[in-house]
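> Protein chains in written order, with our numbering: chain R, 1 to 375; chain H, 1001 to 1283.
Just dropping this structure here.
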Amino acid sequence: MAKVFNWQLGREMDYPYEGTRPRRQFAMVFDTNKCIACQTCTVACKTTWTPGRGQEYMYWNNVETKPYGYYPLGWDVNILEKLGVQDQSKPVYAGKTLFEAAPPGEPVLGYLPDDADYANPNVGEDDSTGLMPQGAYLTMPHMQWMFYLARICNHCTYAACLGSCPRQVIYKRPEDGIVLIDQTRCRGYRECVKGCPYKKVYFNPITRVSEKCIGCYPAVEGGRQSQCTVTCIGKIRLNGFITTPDRADEHNPMDYLVHVAKVALPLYPQFGLEPNVYYIPPIHVPPPYLIQMFGHGVPQAIETYKRARDDKRLLGALMLFGSTPEILHRFRVIGDHAIGYDEKGGEVVRVPLTEPFQIRAFFDEARKVYRHNVT
Amino acid sequence: MTHAMRWCWRGAGTALWLLLLWGAALGQSPAPAVRVTWTGPIVDPDSLVWTRAPAVKVPLTPQVITVPHKPDPAIKELTVKVVHNGGWIAFLMEWKDPTKSDTIMLDSFGDQVAVQLPISKGAAPSPMMGNPGGRVNIMQWRAAFQHDLEKGPPTIKDLYPYAWVDLYPDEILGVADARPYAGALGLENPISRGVATPVLDQMAEGWGSMTAKPDQHALGKGVWRDGVWRVVITRPMVSDDPNAPVLLPGEQTVMAFAAWEGGNREVGARKSWSAWVPLLIQK
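Right, dumping it as structure tokens:
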């Protein structure tokens, strides 16, 4: 295997191919604190891309409840158990990646789920870790908790699906880093389904080949954000392009959130795929669970996020979520507004850092009545 | 050199394997392709013509050369007979398989068998799907295709009896508009369906390069009975396809085989395969 540099692990690692990065990389930031699992993203994706025959239980986008929700069943705990406990306490990852843990004769450590594992996409939905006893009240972090984890393909820099395909049918586009399966050459071996630890490649039993999230590339090519992003009613998502930390541009909202503010973290970075969907971790969940899921940067990310109201720049970046269908390449905060710009530098959106609001007097002088929750 | 080949060549041990299998054909007495009197393609495994041909035992070895490996494949040996009628050459492969696997779902794999012939005359290419510059013709029979042809392609109700779906795009859109929702079927990916024959006529020049040919010439039929698959694969001996072998009576060539037991999750590189076996096409 070749040696490639994975900035999320802070070190080199093994990968089946040479480390060539795309000219720019499709990326998403999800704010888990704002997600209510309404599944509007799921339905938007489903109706756009996967309403066909053989795609009945295929969700390129899904939202699952953690810790007991999984789609497919047990996807993360299964591969975590196979990989074993790894040391991820330091910025330079001291454990093994899935490529480094590959058994002899296999490109990556993986497993093929059972068909039935996809049968209950909402398993564990809204299940909390436990019951609150009589008289108990929540403190931070919560002693009983759950949160919603929205998921799409991570369009990984070092995609395991791509590395697993013996036919080189899966490719990473040089223009935007979106990972695609060539539907004309795929022969349905399911090596990619086995290899992807996020289980974001699906097998279609009617076409007999594998399919996956296409990063809404027709939209992205036109400068627009993905369907799951623009339809998100909670405005938890931002879709754009990210660069590596050494070339980070603090005016690019994705670079700013991930590399400068460091509030958004990759999902299971220890797998070694350098995934490009970044999560703002939920502030109420105990850090040990989150560190296993998002890496060593969790405590700092939570502290920074909790101070967002005092940090105009961070607040400005967060307010741009869900503000426009256009991909924002740069942003600025001027006064009390955050302004987003397209690739050519044109302003496409201007949002207030604080939404204007009015407080009406408790007593209505005109009508001589008190206002009691009346509308 | 392809990525897969780099993997292969890394270890001296694997190179030794390759040489052993490549050279296994040398020194063997050739299996005969027996000339029979028959008009047209020979596709029936139960045809009486097979009584004319001797059975040749072809040992299969696990594919452990290129990633991913299959160190424990189920099929260890094929019983092979070859006949020709001057126009068509036909191969009958028999092997034991306690389970008939002809349904393709995520965790269900199909039984398959393939015959490989060199396309060019002269030194044989690698028996393992050829090599760059050394093209091979690989004809692969698929149990799922046999099922498609005999019983129709499976619907989602066949695969998941309790599935309930309100509407598909192709029920409300025209053919052209519904096509993008049909995935690989809409793109006519040849492995999606068995269309006219359960055999794919393909070519390769190394691992990962298998390509179904634009013109499909191979025919065949498989019958599973009493725990045994009996599969015929046949092709014209001469065609105008530059990527097809030219097989002439009186000449000697080589053939190789691969087999997959779906019940053992064998698919793609996870298979068992043979070395080149010398083949004499009788006059």
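Backbone N, C-alpha and C fix where the C-beta goes; we use that ideal spot for every residue, glycine too.
Since the structure is predicted, the reported quantities are computational estimates derived from the model, not experimental observations.
1. Should the region 181-195 of chain R be called in touch with the region 45-65 of chain R, which here means at least 3 C-beta pairs below 8 angstroms?
2. Please classify Ala1055(H) as buried or exposed, where buried requires at least 16 other C-beta atoms within 10 Å of its C-beta.
3. Can you find a CB in chain R that lies within less than 9 angstroms of the CB of Asp1170(H)?
4. Is the shortest distance between the beta-carbon of Glu1251(H) and the beta-carbons of chain R less than 9 angstroms?
5. Specify the secondary structure class of Asp176(R) as computed by DSSP and reduced to three states.
6. Does the region 1073-1087 of chain H come close enough to the region 1202-1210 of chain H that 3 or more CB-CB pairs lie under 8 angstroms?
7. Would you check whether the ligand FAD has a heavy atom nearer than 8 angstroms to the C-beta of Ala1163(H)?
8. With the cut-off set at 9 angstroms, would you say Arg1235(H) and Ala1218(H) are in Cβ contact?
9. In angstroms, rounded to a whole number, what distance separates the CA positions of Gly223(R) and Arg151(R)?
10. Exposed or buried, which one is His1147(H) when buried takes at least 16 other CB atoms within 10 Å?
11. Can you tell me whether Glu211(R) is helix, strand or coil according to DSSP?
12. Strictly by DSSP, which residues pair up with Val1211(H)?
13. Out of curiosity, what's the CA-to-CA distance linking Gln300(R) and Val263(R)?
14. Going straight from the alpha carbon of Ala261(R) to that of Leu314(R), what length do you get?
15. Which residues of chain H have a Cβ atom closer than 8 angstroms to the Cβ of Thr207(R), listed in chain order?
16. I'd like the ranges of any alpha helix (DSSP H) spanning at least 4 consecutive residues and lying wholly in the region 1122-1209 of chain H.
17. Thinking C-alpha only, which one of Ile1065(H), Lys1096(H), His1069(H) and Pro1071(H) is nearest Leu1078(H)?
18. Report yes if the C-beta distance between Arg330(R) and Asp249(R) is below 9 angstroms; otherwise report no.
19. According to the neighbour-count rule (16 or more other Cβ atoms, all chains shown, within 10 Å of its Cβ), is Gln39(R) buried or exposed?
20. To the nearest whole angstrom, what separates the beta carbons of Gln88(R) and Gly295(R), a pair I think is in contact under 8 angstroms?
21. What beta strand (DSSP E) runs, 3 residues minimum, are completely inside the region 234-320 of chain R?
22. In three-state DSSP terms, what is Gln25(R)?
23. Rounded to the nearest angstrom, what separates Val1034(H) and Val1231(H) at their Cα positions?
24. Along the chain, where does the alpha helix (DSSP H) that runs through Ile227(R) open and close?
25. With 16 as the cutoff for other CB atoms within 10 Å, does Ala1196(H) come out buried or exposed?
26. Does the structure place the region 21-34 of chain R close enough to the region 276-294 of chain R that three or more beta carbon pairs sit under 8 angstroms?
27. With DSSP run on the structure shown, which of helix, strand or coil describes Glu347(R)?
28. Rounded to whole angstroms, what's the CA-CA distance from Pro1071(H) to Trp1050(H)? Just pull it up for me.
29. From Glu56(R) to Met1139(H), what does the alpha carbon distance come to, in whole angstroms?
30. As a quick exercise: from Tyr279(R), Trp7(R) and Pro269(R), pick the residue whose alpha carbon is nearest that of Leu257(R).
31. Taking its Cβ as the centre, do 16 or more other Cβ atoms sit within 10 Å of Ala1124(H), making it buried, or is it exposed?
32. Against Ile1156(H), what residues of chain R qualify as contacts under a CB-to-CB distance less than 8 angstroms, listed in chain order?
33. Is there at least one Cβ from chain H nearer than 9 angstroms to Pro104(R)'s Cβ?
34. Per DSSP, what are the beta-bridge partners of Gln1116(H) in this structure?
35. Just verifying my parser: in three-state terms, what is the DSSP assignment at Ser1047(H)?
36. Is the region 1179-1190 of chain H close to the region 170-180 of chain R, with three or more CB pairs under 8 angstroms?
On the basis of the supplied data:
1. Contact between the region 181-195 of chain R and the region 45-65 of chain R is absent, because fewer than three Cβ pairs lie under 8 angstroms.
2. The count along the second sequence starts at 1 and reaches residue 1055(H) at position 55. So Ala1055(H) ends up on the exposed side.
3. For the purposes of this step, residue 1170(H) is taken as the residue at position 170 of the second sequence. By this cut-off, Asp1170(H) is an interface position.
4. Here residue 1251(H) corresponds to residue number 251 of the second sequence, with the count starting at 1. Chain R contact via Cβ: absent.
5. Taking the first residue of the first sequence as 1, we reach residue 176(R) at position 176. Coil, per DSSP.
6. No, they do not touch.
7. By its list of ligands, the structure shown contains no ligand whatsoever, and the ligand FAD lies outside what it can speak to.
8. Here residue 1235(H) corresponds to residue number 235 of the second sequence, with the count starting at 1. Here residue 1218(H) corresponds to residue number 218 of the second sequence, with the count starting at 1. Contact: yes.
9. To locate residue 223(R), count along the first sequence from 1; it is residue 223. To locate residue 151(R), count along the first sequence from 1; it is residue 151. The alpha-carbon atoms of Gly223(R) and Arg151(R) are separated by roughly 22 angstroms.
10. Numbered from its first residue, the second sequence carries residue 1147(H) at position 147. His1147(H) comes out buried.
11. Position 211 of the first sequence, counted from the start, is the residue given in the question as residue 211(R). In the structure shown, Glu211(R) sits in a strand (DSSP, three-state: E or B).
12. In the second sequence, counting from the first residue as 1, residue 1211(H) sits at position 211. This sequence places Thr at residue 1211(H); Val is not what is there. Paired residue(s): Met1203(H).
13. By 1-based counting over the first sequence, the position of residue 300(R) is 300. By 1-based counting over the first sequence, the position of residue 263(R) is 263. Rounded to whole angstroms, Gln300(R) to Val263(R) spans 8 angstroms at the Cα level.
14. Along the first sequence, read from residue 1 onward, the residue named residue 261(R) stands at position 261. Along the first sequence, read from residue 1 onward, the residue named residue 314(R) stands at position 314. The straight-line gap from Cα to Cα measures roughly 7 angstroms.
15. Within the first sequence, the letter at position 207 stands for residue 207(R). Proximity of chain H to Thr207(R) at the Cβ level (cut-off 8 angstroms) is accounted for by Ala1182, Gly1183, Ala1184, Leu1185, Asn1189 and Ser1192, in chain order.
16. Here the runs fully enclosed are 1143-1151, 1156-1159, 1169-1172, 1175-1178 and 1183-1186.
17. Looking up residue 1078(H) in the second sequence gives position 78. Distances from the CA of Leu1078(H) to each of Ile1065(H), Lys1096(H), His1069(H) and Pro1071(H) were compared; the closest alpha carbon is that of Lys1096(H).
18. The residue given as residue 330(R) occupies position 330 in the first sequence. The residue given as residue 249(R) occupies position 249 in the first sequence. Closer than 9 angstroms, so yes.
19. On the first sequence, residue 39(R) is found 39 positions in, with the first residue counted as 1. Buried, by the Cβ-count rule.
20. Counted from its first residue, the first sequence places residue 88(R) at position 88. Counted from its first residue, the first sequence places residue 295(R) at position 295. Between Gly295(R) and Gln88(R) the Cβ distance is about 6 angstroms, and since that is below 8 angstroms, they are a contact.
21. 237-242 and 277-280
22. As a position in the first sequence, residue 25(R) is number 25, starting the count at 1. The answer is strand: DSSP assigns Gln25(R) an E or B state.
23. Along the second sequence, read from residue 1 onward, the residue named residue 1034(H) stands at position 34. Along the second sequence, read from residue 1 onward, the residue named residue 1231(H) stands at position 231. So the two alpha carbons sit approximately 17 angstroms from each other.
24. Locating residue 227(R) in the first sequence gives position 227, counting from the first residue. In the sequence on display, residue 227(R) carries Gln and not Ile. Bounds of the alpha helix (DSSP H) holding Gln227(R) are Gln227 to Val230.
25. As a position in the second sequence, residue 1196(H) is number 196, starting the count at 1. The residue in question, Ala1196(H), is exposed, as its Cβ has fewer than 16 Cβ neighbours within 10 Å.
26. yes
27. For the purposes of this step, residue 347(R) is identified with residue 347 of the first sequence, where counting begins at 1. Judged by DSSP in its simplified three-state form, Glu347(R) adopts strand.
28. In the second sequence, counting from the first residue as 1, residue 1071(H) sits at position 71. In the second sequence, counting from the first residue as 1, residue 1050(H) sits at position 50. Roughly 33 angstroms separates the two Cα atoms.
29. As a first step, residue 56(R) is located in the first sequence; it is residue number 56 there, counting from the start. As a first step, residue 1139(H) is located in the second sequence; it is residue number 139 there, counting from the start. Roughly 33 angstroms between the two C-alpha positions.
30. Within the first sequence, numbered from 1, the residue matching residue 257(R) stands at position 257. Nearest option by C-alpha distance: Tyr279(R).
31. Locating residue 1124(H) in the second sequence gives position 124, counting from the first residue. Buried is the call here.
32. Here the question's residue 1156(H) lines up with position 156 in the second sequence. The answer, in chain order, is Arg53, Gly54, Glu56, Pro205 and Ile206.
33. As a position in the first sequence, residue 104(R) is number 104, starting the count at 1. Chain H, which has a Cβ nearer than 9 angstroms to the Cβ of Pro104(R), makes this yes.
34. Numbered from 1 along the second sequence, position 116 holds the residue referred to as residue 1116(H). Paired residues: Ile1138(H) and Ala1256(H).
35. What you label residue 1047(H) is simply residue 47 of the second sequence in a count that begins at 1. Ser1047(H): coil per DSSP, three-state reduction.
36. no
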